[in-house]
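Please read the structure below before turning to the comments.
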Amino acid sequence: MSLTITKYEQIWVDGLNRGDVSGADEAFAENCIIHMAGAPDPNLSVSEFKELLSGLLTAFPDLHISVNDQMVSGDKVATRWTAIGTHTGPLGDSPPSGNKAKFEGLILDRVVEGQVVERWEQWDQMGMLQQIGLA
Numbered sequence: 038m039s040l041t042i043t044k045y046e047q048i049w050v051d052g053l054n055r056g057d058v059s060g061a062d063e064a065f066a067e068n069c070i071i072h073m074a075g076a077p078d079p080n081l082s083v084s085e086f087k088e089l090l091s092g093l094l095t096a097f098p099d100l101h102i103s104v105n106d107q108m109v110s111g112d113k114v115a116t117r118w119t120a121i122g123t124h125t126g127p128l129g130d131s132p133p134s135g136n137k138a139k140f141e142g143l144i145l146d147r148v149v150e151g152q153v154v155e156r157w158e159q160w161d162q163m164g165m166l167q168q169i170g171l172a
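Here the working numbering is used: the first residue of the sequence shown is 38, the next is one more, and so on.
The following block contains the structure:
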């Protein structure tokens, strides 16, 4: 059985895998709120979310995200993902460690007319920090 990924998520993941956050402008509604556990502000706008992910892509320029599972029920989409990358750029004030990291996350999206209008995301930030030697 092959995995079918929603169009908006494929656009977003493909962009991230190229190091580009501009796919958010197509995947997320302009007024979308992203609830992210562990973020400095747990309720992010699309522009704040793009800024956060740009920082992650700076720290891990070779970051590759894979969608492992996705389920759709009504206007809700659940996605399980895995990311792998090498910490070769600064992460905030922390210099690069050169360590590879593999971390996973879960997303629940509410989708209207093919765009995310609200996202809840949790991922293993502590595991990523431990693997690159920052925790």
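Glycine included, each C-beta is placed from N, C-alpha and C at the ideal position.
8 Å CB neighbourhood of residue i in its chain, flanking five on each side removed
i: Leu100; result: Leu53, Asn54, Gly56, Leu93, Leu94, Ala120, Ile121 and Gly122
Same chain, Cβ closer than 7 Å to residue i, five either side skipped, listed in chain order
i: Lys1; result: No answer is possible for residue 1: it lies beyond the span of the chain, which begins at 38 and ends at 172.
i: Ile48; result: Gly60, Glu63 and Ala64
Expected contact under 8 Å - CB spacing of residue i and residue j to nearest Å
i: Leu143; j: Gln159; result: 5 Å
i: Val58; j: Leu90; result: 5 Å
i: Val148; j: Val104; result: Not a contact, Cβ separation roughly 15 Å.
i: His124; j: Phe97; result: 6 Å
Residue from the options with nearest C-alpha to residue i
i: Trp157; options: Ser134, Cys69 and Leu40; result: Cys69
i: Gly126; options: Asp106, Ala61 and Lys137; result: Lys137
i: Met165; options: Glu85, Ser134, Glu155 and Val154; result: Ser134
i: Val153; options: Ala74, Leu128, Thr41 and Glu46; result: Glu46
i: Ile42; options: Asp130, Arg117 and Gly75; result: Arg117
Alpha-carbon spacing of residue i relative to residue j, whole angstroms
i: Glu141; j: Val83; result: 21 Å
i: His72; j: Glu88; result: 15 Å
i: Asp51; j: Asp112; result: 22 Å
i: Glu155; j: Glu67; result: 11 Å
i: Asp146; j: Pro77; result: 20 Å
i: Gly75; j: Pro132; result: 21 Å
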